[in-house]
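A.B. asks: Numbering (my numbering), first residue to last: 4 to 218.
Here it is as structure tokens:
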């Protein structure tokens, strides 16, 4: 009987999104509470509709996005769905204007929790170029009998200078390479819709539409 316990998740989220979402909820909540306490009739219903529509959307785009990785699978929680991919089903991870995980069947899923920072990427490119120039200036490194040359990188290798979310995606690629063939990292890709976001948001939109039609 297999009693192995799944490895703990490493969780990746966007601190900027969390701060922005908190501030937005604070402002919207303050305005809505004022309308509920001091308004009446239509104003109260409008405030309720706005809360039902706006709060789930703010939560969806700020607090929900997260990437969970352990030795068995990658779980991507985006604003409107949750995708679970065993490492054996991950063909690769791509970085462009956004970060994406590519499944073996060719489907791509954006990693909303890992926004691309072009500023960090430019810094990384400059640091890599500097590391390459330094390696060229040192020339061929002498062979050492140990694991690495003392006081530096083995063989004068260029050091990885990735920053921010590019560094996180590199870590995920390395984990995928290690785990892709492991028996516990096999299975099917599953996608679950975030009805906890859809239902209240649609209810709020319908309420506001009805109030608008009633004039």
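Glycine included, each C-beta is placed from N, C-alpha and C at the ideal position.
These figures come from a predicted structure and were not determined experimentally.
Have a look at the DSSP bridge pairing and note the partners of residue 19.
C.D. replies: For residue 19, which the question treats as bridged, DSSP gives no partner whatsoever.
A.B. asks: Grouping DSSP H, G and I as helix and E and B as strand, with all else coil, what is residue 95?
C.D. replies: Note: residue 95 maps to strand in three-state DSSP.
A.B. asks: Taking all protein chains shown into account, do 16 or more other C-beta atoms lie within 10 angstroms of the C-beta of residue 168, making it buried, or fewer, making it exposed?
C.D. replies: Looking at its Cβ environment, which holds 16 or more other Cβ atoms inside 10 Å, residue 168 is buried.
A.B. asks: For residue 70, name the three-state secondary structure that DSSP assigns.
C.D. replies: The answer is strand: DSSP assigns residue 70 an E or B state.
A.B. asks: If you follow the alpha helix (DSSP H) that residue 45 is in, where does it begin and where does it stop?
C.D. replies: Taken as a continuous stretch (DSSP letters only), the alpha helix (DSSP H) holding residue 45 covers 45 to 65.
A.B. asks: In terms of alpha-carbon separation, which member of 54, 109, 43 and 97 lies closest to residue 29?
C.D. replies: If we check each option's Cα against that of residue 29, 54 comes out closest.
A.B. asks: Note the first and the last residue of the continuous alpha helix (DSSP H) segment covering residue 225.
C.D. replies: Residue 225 lies beyond the residue range present for the chain, which begins at 4 and ends at 218; the question has no answer from this structure.
A.B. asks: Which one of 87, 107 and 111 has the shortest CA to CA distance from residue 98?
C.D. replies: The shortest C-alpha separation from residue 98 is found at 111.
A.B. asks: Can you give me the start and stop residues for the beta strand (DSSP E) that residue 79 sits inside?
C.D. replies: 76 to 80 is the span of the beta strand (DSSP E), which, as asked, contains residue 79.
A.B. asks: Decide if residue 17 is buried, meaning its Cβ has at least 16 other Cβ atoms within 10 Å, or exposed.
C.D. replies: Buried is the call here.
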